[in-house]
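Taken in sequence, the protein lines are chains A and B.
Residues in the first sequence are numbered consecutively from 1, following full-length UniProt numbering.
Residues in the second sequence are numbered consecutively from 1, following full-length UniProt numbering.
Using N, Cα and C, we set each Cβ at its ideal position, and we do this for glycine too.
Worksheet: the structure to be examined is printed underneath.
Protein chains: 2
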Amino acid sequence: MKNKSNSNEDYKPTIRCPVETTINIIGGKYKSLILWKLMTTKTLRYSQLRKEIPNATPKMLTQQLRELETSGLIHRRVFPVVPPKVEYSLTDFGKSIKPVLKAMYKWGNHCLDSQGLEVNCSMVELTN
Amino acid sequence: MKNKSNSNEDYKPTIRCPVETTINIIGGKYKSLILWKLMTTKTLRYSQLRKEIPNATPKMLTQQLRELETSGLIHRRVFPVVPPKVEYSLTDFGKSIKPVLKAMYKWGNHCLDSQGLEVNCSMVELTN
DNA sequence: CGGTATCCGTAGGGATACTG
DNA sequence: CAGTATCCCTACGGATACCG
């Protein structure tokens, strides 16, 4: 019971700033990395993502994946087999964020460079 | 005393991912808004920023401004007069982030749109 | 294999009042 | 005018163990 409103549906989220919306969606600890991986590999199983992003604990990885799914950026496909098999992939909406990530990557790179810092990250430059 | 290392200077920050770097720099609650305002108005006093961003408490506004200054994105010019006068403006480095914010704005807009949500934010579309 | 459950610490952010 | 100073809270993220 959050009691956000007493009438049925005159409620809208308070944050409706485009830039903040973008930050809220991809600002989570491993979200940009997950999206990046899915852009280059298109389909990854949970266990593969775990290997690609070893710093994320299972709880964190699952949480970030669920939030990306809720945001409509990724699709979770469950195969009813045993042992379980789950594949993650980008939705069309998820693919549409590519230019944003590329712009952020480019600027962040420039930023690290100007501080004499080497990039240390498993993101490989996105082609096209 | 953080004791981050025992030798003199073999220490480097752990996060050196370009995308995370960008998020860390502009991800603060009011940072993108501050940058946006300074892009359109080029110079703003503290009191003007307070009016432009009324939701930010003085503590938060000051904190975000200091962090942006530390990151090298904005310049803080103090006039030694009484009453005090302080002007904030973008550095060249700060100006360089414009394409990133524009990409985020555009995508965020698209995102809100697809959910039938109206933009409710004091950011006005950036020209050029 | 692909997750939950539980517990916990910290940092980011907020409210309010005060000051050189 | 342009900030500090305090106090407070909770949401994010992490460690570890367990489950269908």
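- At a cut-off of 9 Å between C-beta atoms, Lys106/A counts as an interface residue with respect to chain B.
- For His75/A, the nearest beta carbon of chain B is not closer than 9 Å to its own beta carbon.
- Along the segment 52-79 of chain B, none of the residues has a CB nearer than 7 Å to a CB of chain A.
- Counting other Cβ atoms within 10 Å of its Cβ, Ser47/A stays below 16 and is therefore classed as exposed.
- At a cut-off of 9 Å between C-beta atoms, Thr91/A does not count as an interface residue with respect to chain B.
- Under DSSP, Phe93/A takes part in no beta bridge, so it has no partner.
- Nearest to Glu67/A by C-alpha distance, out of Gly27/A, Pro83/A, Thr57/A, is Gly27/A.
- Residues Ile53, Ala56, Gln64 of the same chain have their beta carbon placed closer than 6 Å to that of Tyr30/B, with the five preceding and five following residues left out of the count.
- For Lys85/A, the CB contacts under 7 Å within the same chain, skipping 5 residues up- and downstream, are Arg45, Phe79 in chain order.
- Val119/B places its beta carbon 9 Å or farther from that of Gly108/A.
- Contact annotation: Leu112/B and Met39/B have beta-carbon atoms that are not nearer than 9 Å.
- In terms of Cβ geometry, Thr91/A and His75/A form a close pair [threshold 9 Å].
- Inclusion of Thr22/A and Met104/B in the CB contact set at 9 Å is warranted, their separation being smaller than that value.
- Neighbours of Thr22/A in chain B, taken as residues whose beta carbon is under 8 Å from its own, are Met104, Tyr105, Trp107, Gly108, Cys111 in chain order.
- Looking only at Met60/A, Cys17/A, Lys37/A, the smallest Cα-Cα distance to Glu87/A is reached by Lys37/A.
- Rounded to the nearest whole angstrom, the CA to CA distance from Lys59/B to Pro83/A is 53 Å.
- For Leu101/A, the C-beta contacts it makes with chain B under 8 Å involve Val19, in order along the chain.
- According to the DSSP assignment, Thr62/A belongs to the alpha helix (DSSP H) that extends over 58-70.
- Taking a 10 Å sphere around the C-beta of Gly116/A, we find fewer than 16 other C-beta atoms and assign the residue as exposed.
- If the five residues before and after Leu101/A are omitted, its C-beta is found closer than 7 Å to the C-beta atoms of Ser32, Leu35, Trp36, all from its own chain and listed in chain order.
- With a threshold of 9 Å between beta carbons, Asn128/A makes no contact with chain B.
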